[in-house]
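Engineer:
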Amino acid sequence: MKQRLYALQHYTEAGDLKAPPLLLYILLFLSRTWMLLIISVASQQTGNKLLQVFYPDKVHFYLGLIIGLFPLIIFLVSGRRHAQSNWALKCWPFCFYLLIAGVLGDLGLQVYYLYTEHFMYSVTASIQLVVVAWSCIYILKSKQLRDCFK
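And the structure:
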């Protein structure tokens, strides 16, 4: 197996390869339903109204929460990995597959939402579809991202 070398700033003090900064943004985007849930719980008076604006159908909200579990698990494991926890070090390589499943699941949800709206044009749906498609391409093509999960 050929090992790639990166510049020193791409490694942690423990010698592990750092994840690219775009991974954080992709994980935040994939967990947007959870962030909306936290914001709606924090704002007690307008919480239900806020959820109704973004998710008029409760099934879409629950599907978003299920897909958003994958990036949350990756967040948790990545935080414990730097603490050199045994279980986190063993689970970290499998998080790459969780990331792929999360992005493909979100891409499938976006296509399903477009299908239910009879492929009517929407700015928000278009932006989300472009970001998810770009994230999917980035995850599958980035060598540094793949190497940081090894």
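Using the numbering used here, the letters of the sequence shown map in sequence onto residues 77 to 226. By construction, the Cβ of each residue, glycine as well, lies at the ideal position given by its N, Cα and C atoms.
Contact check, L183 vs I150 under 8 angstroms by CB: the rounded distance?
Structural biologist: That belief does not hold up - the Cβ atoms of L183 and I150 are roughly 17 angstroms apart, past 8 angstroms.
Engineer: So, is Y191 buried or exposed, given that buried needs 16 or more other C-beta atoms within 10 angstroms?
Structural biologist: Counting Cβ neighbours within 10 Å, Y191 comes out exposed, since fewer than 16 surround it.
Engineer: Have a look at Q128, F195 and L106 and flag the residue whose alpha-carbon is nearest the alpha-carbon of G144.
Structural biologist: The candidate whose alpha carbon is nearest that of G144 is L106.
Engineer: Is P96 near S202, with beta carbons less than 8 angstroms apart?
Structural biologist: Not closer than 8 angstroms, so no.
Engineer: My output table needs one value for L81: the three-state DSSP class, helix, strand or coil.
Structural biologist: It is coil, neither helix nor strand.
Engineer: Can you find the residues in the same chain that come closer than 7 angstroms, C-beta to C-beta, to F130, ignoring five residues on each side of it along the sequence?
Structural biologist: Around F130: L112.
Engineer: With a 10 Å radius around its C-beta and 16 neighbouring C-beta atoms as the bar for buried, classify W163 as buried or exposed.
Structural biologist: W163 comes out exposed.
Engineer: What alpha helix (DSSP H) runs, 4 residues minimum, are completely inside the segment 93-130?
Structural biologist: 97-106, 108-118 and 123-130, all fully within the segment 93-130.
Engineer: Does the Cβ of G155 have 16 or more other Cβ atoms within 10 Å, making it buried, or fewer, making it exposed?
Structural biologist: With fewer than 16 Cβ atoms within 10 Å of its Cβ, G155 is classed as exposed.
Engineer: Verify whether the separation of the beta carbon atoms of F146 and T109 is less than 8 angstroms.
Structural biologist: In this structure, T109 does not lie closer than 8 angstroms to F146 by Cβ.
Engineer: Buried or exposed for I115, please, with buried defined as at least 16 other CB atoms from any protein chain shown within 10 angstroms of its CB.
Structural biologist: Exposed, by the Cβ-count rule.
Engineer: Can you tell me whether Q121 is buried or exposed? The criterion is at least 16 other CB atoms within 10 Å of its CB, across all chains shown.
Structural biologist: Exposed, since its Cβ has fewer than 16 Cβ neighbours within 10 Å.
Engineer: Below 8 angstroms on the Cβ atoms is my contact criterion, and I expect L141 with D223 to pass it. Report the Cβ-Cβ distance as a whole number of Å.
Structural biologist: L141 to D223, Cβ: 31 angstroms. No contact.
Engineer: When we look at the beta-carbon of S198 and count the other beta-carbons within 10 Å, is it buried (16 or more) or exposed?
Structural biologist: Result: exposed.
Engineer: According to the Cβ coordinates, are Q186 and L205 closer than 8 angstroms?
Structural biologist: The answer is yes: Cβ separation under 8 angstroms.
Engineer: Under the DSSP definition of a beta bridge, which residues are partnered with Y87?
Structural biologist: Per DSSP, L93.
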